[in-house]
Structures are given as structure tokens and as C-alpha cells.
Amino acid sequence: MLVEDIRTLIPQRDPFVMIDHLLYCEGDDTRTTFLVREDNIFLKDSLLQEPALVENIAQSAAAGAGYNAVQENRPVAIGYIGSIQNLEIVALPAKGDTIHTEIKVLNQVFNVTLVSGKISCEGKLLASCELKIFITNQS
Numbered sequence: 848m849l850v851e852d853i854r855t856l857i858p859q860r861d862p863f864v865m866i867d868h869l870l871y872c873e874g875d876d877t878r879t880t881f882l883v884r885e886d887n888i889f890l891k892d893s894l895l896q897e898p899a900l901v902e903n904i905a906q907s908a909a910a911g912a913g914y915n916a917v918q919e920n921r922p923v924a925i926g927y928i929g930s931i932q933n934l935e936i937v938a939l940p941a942k943g944d945t946i947h948t949e950i951k952v953l954n955q956v957f958n959v960t961l962v963s964g965k966i967s968c969e970g971k972l973l974a975s976c977e978l979k980i981f982i983t984n985q986s
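Written out as C-alpha cells, the structure reads:
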């Protein structure tokens, strides 16, 4: 675990925080985990719904960017999802599952970042997609 409080790296606040721990962040690669809790606002019939999976990927990307910013003594920027591409939902995680998310930065031009994300649970792929994220200026 790289930080004590993940909320220092992302703009979201409870009940919309969809990651718990930043496990790894180096170069273009980031890994996070998230425990699906009973009180999650996206839980329906004991399953975490699709919007939460997309948000988990976006927040994992934000945590990686936020961690890098802190390491470089820069302010943590705010990003917005511009587009979602190649979204594939294989299965939904259940209450009590811990999901593992891997992010890879594919390209970054000016204030636009393209990332790929994969979510797995117990070694099985649950979801994947590419996100185009627009980063706000910090000037």
C-alpha cells in the first residue's frame, strides 16, 4: 500500500469512492484494490453494477496520476471521463469480493490521457475498457 488515505489522490468522496488501496504505481502502470461492501451505492441484488466498474477504472487511473503528482510536488489534478471505448463486462463482483484493477497509460497528449483498464477477482477477468480522460489545468 503506497498511501494511507486514497482520498488524498482522487477528487471523489464517500459514498462515491470506488477504490481502497493503491498497491503499485510506476511509470505508466497502476494497480489498486477495492472491497465490495454491503453499503455500496452501486450494489444491487448483492452484485456491484456496471457503472461502479467503469468508475473503479477511472478512479484507479486518477490515483496513479495523483500519486505521480504528489511524488513530483505538483497539485493533484482533476480529470473527467471524455469517452469509454471497448467496454467489456464479463461478470459482476459480489458483495464481499475484493477486485484488483490494473491501469496502463497508453498515450498522453497535452491534457488528454488514454488508459486501458482491467478488473479481475480471484484471477478471473471481470471487466475491461479504454478511457479517454481530460485533465483540468492547474494554472
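To convert, count from 1 in the sequence shown and add 847; that's the working numbering. We put the beta carbon where it would ideally sit given N, CA and C, even for glycine.
TODO: Identify whether S986 lies in helix, strand or coil by the three-state DSSP scheme.
DONE: Unreliable placement is indicated for S986, whose pLDDT of 45 sits below 50; the coordinate value is still reported in the next sentence. If DSSP states are grouped into helix, strand and coil, S986 belongs with coil.
- [ ] Would you list the one or two residues that DSSP bridges to D876?
- [x] Beta-bridge pairing links D876 to E873, K951.
Open item on the list: Starting from Q932, trace the beta strand (DSSP E) in both directions and tell me its first and last residue.
Closed with: Where Q932 is concerned, the enclosing beta strand (DSSP E) starts and stops at 926-936.
Open item on the list: Does the region 887-897 come into contact with the region 947-956, if we say contact requires no fewer than three beta-carbon pairs (one atom in each stretch) closer than 8 Å?
Closed with: Cβ pair count under 8 Å is below three, so no.
TODO: Specify the secondary structure class of L856 as computed by DSSP and reduced to three states.
DONE: Correct three-state label for L856: coil.
TODO: Identify the continuous alpha helix (DSSP H) that holds V917 and give its terminal residues.
DONE: For V917, the enclosing alpha helix (DSSP H) has its first and last residue at 897-918.
- [ ] Mark N903 as exposed unless 16 or more other C-beta atoms lie within 10 angstroms of its C-beta, in which case mark it buried.
- [x] It counts as buried.
Task: C-alpha distance - T879 paired with S975, whole-angstrom precision - done: Roughly 14 Å between the two C-alpha positions.
- [ ] Write down the C-beta distance between Y927 and C872 rounded to the nearest angstrom, noting that I regard them as a contact closer than 8 Å.
- [x] No, Y927 and C872 are not in contact; Cβ-Cβ is about 21 Å, not under 8 Å.
- [ ] Specify whether the region 876-891 and the region 935-953 touch according to this definition: at least 3 beta carbon pairs, one from each stretch, less than 8 Å apart.
- [x] Contact holds: three or more Cβ-Cβ distances are below 8 Å.
TODO: Just the C-alpha distance for L934 and S963, rounded to the nearest angstrom, thanks.
DONE: Spanning the two alpha carbons is a distance of roughly 10 Å.
- [ ] Using the Cα positions of E932 and D861, report the straight-line distance between them to the nearest angstrom.
- [x] The question names Glu, but residue 932 in the sequence shown is Gln. For the pair Q932 and D861, the Cα-to-Cα distance works out to about 27 Å.
- [ ] With a threshold of 16 other CB atoms inside 10 Å of the CB of T945, please say whether the residue is buried or exposed.
- [x] Result: exposed.
Open item on the list: Since A909 and L856 should fall inside the 8 Å C-beta cutoff, what is the C-beta to C-beta distance between them, to a whole number of angstroms?
Closed with: That pair is a contact at about 7 Å.
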